[in-house]
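Start counting the sequence shown at 6; every next residue gets the next number (my numbering).
C-beta: ideal position from N, C-alpha, C; glycine also.
Read the structure below first, then the notes.
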Amino acid sequence: MHALIVVAHHDPRSLTHSLAGKIAEGITRANPVDTFEIADLAAEGFEPRFSFADHAVHHREALPPADVLAEQARIDRADALVLVYPIYWWSMPALLKGWIDRVFSNSWAFDFSLDKPFIQKLQHLRVHLVGVGGADADSFQRHGYGEAMTTQIDHGIFGYCGARVVSSQLLFDSETADPQQHLQAADAIGQRLFATLDETTHAPATACA
Numbered sequence: 006m007h008a009l010i011v012v013a014h015h016d017p018r019s020l021t022h023s024l025a026g027k028i029a030e031g032i033t034r035a036n037p038v039d040t041f042e043i044a045d046l047a048a049e050g051f052e053p054r055f056s057f058a059d060h061a062v063h064h065r066e067a068l069p070p071a072d073v074l075a076e077q078a079r080i081d082r083a084d085a086l087v088l089v090y091p092i093y094w095w096s097m098p099a100l101l102k103g104w105i106d107r108v109f110s111n112s113w114a115f116d117f118s119l120d121k122p123f124i125q126k127l128q129h130l131r132v133h134l135v136g137v138g139g140a141d142a143d144s145f146q147r148h149g150y151g152e153a154m155t156t157q158i159d160h161g162i163f164g165y166c167g168a169r170v171v172s173s174q175l176l177f178d179s180e181t182a183d184p185q186q187h188l189q190a191a192d193a194i195g196q197r198l199f200a201t202l203d204e205t206t207h208a209p210a211t212a213c214a
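Laid out in structure tokens, this is it:
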């Protein structure tokens, strides 16, 4: 099995990057035969802005640009897609959202046109989401942020394309809690990544696993 771990954080020393590394370690610890690739969107200089060229792709007037094709090929090679990202304003960073805007394009992630039925094209894809939040669990629950993120990301993005969100976890208090508990949670995510490949579960909104 092969996992694509996508990280959207500008600082390679960040907790977000450390969590991605721990997930990768967990994957190989669970089964040395399994492999992974880490896509560091910031370090690789991915262009997140949805341009006129991307607009033309959406309307089937052009083929996707080379950078988008490369990212789609990465996903096509993977049995599981893992997104690890800090939570900015109760959502994902613009870099990651732009990656989705451009890469999850019409005719690849879904098939939309006015003259035939809508088709979800990512039904084979298994997704794991790891959001890293600075606020505490009570803030997310009290204001409904966690539920809003589930609606927006889990269902609004991946459900729209037919992809199955196998696990969706929020790690809270990232700026104040002992990072070891988050790192342990990430290691556990990696170890069970392929064990839960065909299950649809939403992990509790907690910093510990």
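DSSP beta-bridge partners of residue i
i       : result
Thr-40  : His-7
Gly-169 : Correcting the residue type first, residue 169 is Arg in the shown sequence and not Gly. Arg-131.
Ala-4   : Within the shown structure, residues of the chain are numbered from 6 to 214, placing residue 4 beyond reach of any answer.
Lys-121 : Ser-118
Ser-96  : Tyr-93
Gln-174 : Val-135
Residue i and residue j closer than 8 angstroms at C-beta
i       : j       : result
Ala-61  : Ile-43  : no
Gly-138 : Phe-177 : yes
Ala-13  : Ala-47  : yes
Leu-20  : Ser-179 : yes
Ser-173 : Leu-198 : no
Ile-215 : Gly-195 : The shown model of the chain, from 6 to 214, leaves out residue 215, and the question about it has no answer.
Arg-131 : Asp-192 : no
Leu-101 : Leu-88  : yes
Pro-53  : Trp-113 : no
Ser-23  : Leu-188 : yes
Val-11  : Leu-86  : yes
Rounded Cβ spacing between residue i and residue j (contact assumed at less than 8 angstroms)
i      : j       : result
His-7  : Phe-41  : 7 angstroms
His-63 : Asn-111 : 5 angstroms
Ile-92 : Gly-136 : 5 angstroms
Inspect the CB distances between the stretch 66–77 and the stretch 119–130 and report whether three or more fall short of 8 angstroms. At 8 angstroms Cβ cutoff, the stretches do not touch.
For the stretch 163–172 and the stretch 49–65, state whether three or more C-beta atom pairs, one from each stretch, are separated by less than 8 angstroms. Too few Cβ pairs lie closer than 8 angstroms, so no.
Taking one C-beta from the stretch 90–106 and one from the stretch 145–161 each time, how about it: are there three or more such pairs within less than 8 angstroms? Counting C-beta pairs with one atom in each stretch, the stretch 90–106 and the stretch 145–161 have three or more that are closer than 8 angstroms, which means they touch.
Considering only residues of the stretch 137–169, which uninterrupted beta strand (DSSP E) runs meet the minimum length of 3 residues and lie entirely inside it, listed in chain order? The DSSP assignment places no complete run of the beta strand (DSSP E) inside the stretch 137–169 (cut-off: 3 residues).
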